[in-house]
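Student:
Residue numbers (this note's numbering): 10 to 126.
#1: Any beta-carbon of chain D closer than 8 Å to the one on residue 22?
#2: Can you tell me which of the three DSSP states residue 40 falls into?
#3: In chain order, what residues of the same chain lie with their CB nearer than 7 Å to the CB of residue 13, ignoring the 5 residues before and after it?
#4: Starting from the Cα of residue 97, find the closest Cα among 119, 22, 25, 39 and give me that residue.
#5: Rounded to whole angstroms, what's the CA-CA distance from residue 87 to residue 25? Just pull it up for me.
#6: How many whole angstroms separate the CB atoms of residue 34 and residue 108, which I take to be in contact at a CB cut-off of 8 Å?
#7: For residue 115, which residues in the same chain have their Cβ closer than 7 Å to its Cβ, ignoring the five residues on either side in sequence?
#8: If I measure Cβ to Cβ from residue 111 and keep anything under 8 Å in the same chain, skipping five residues before and after, which residues do I get?
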């Protein structure tokens, strides 16, 4: 498992993947809970400012990616969903996968049914 040929993989890339796929989804859940608590306690303006900041940052990163790839600029309009909506969906799926792995529940293969033509 700890082959010296893969030194970079084990020192940098593997811990990064563990953190991003296991730790961050649960941290995102804590951020959502804290944001809801702050809104209830009356500090909604701070939450709104932070939400706006992350929307702007995500939009700028998406604009940079679209420009580098010479893609359709209309794709930038979807970038706010990466902050609210899509990220939470991915976090839920990652948490589900993590918990299934920890508790060793049997993984089931699924398939989509074709509908229409």
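Backbone N, C-alpha and C define an ideal beta-carbon position, used for all residues, glycine too.
Tutor: Working from what's here:
#1: In the structure shown, chain D cannot be found, because there is only a single protein chain.
#2: helix
#3: none
#4: 39
#5: 26 Å
#6: Not quite, the Cβ-Cβ distance comes to about 10 Å (not below 8 Å), so this is no contact.
#7: none
#8: none
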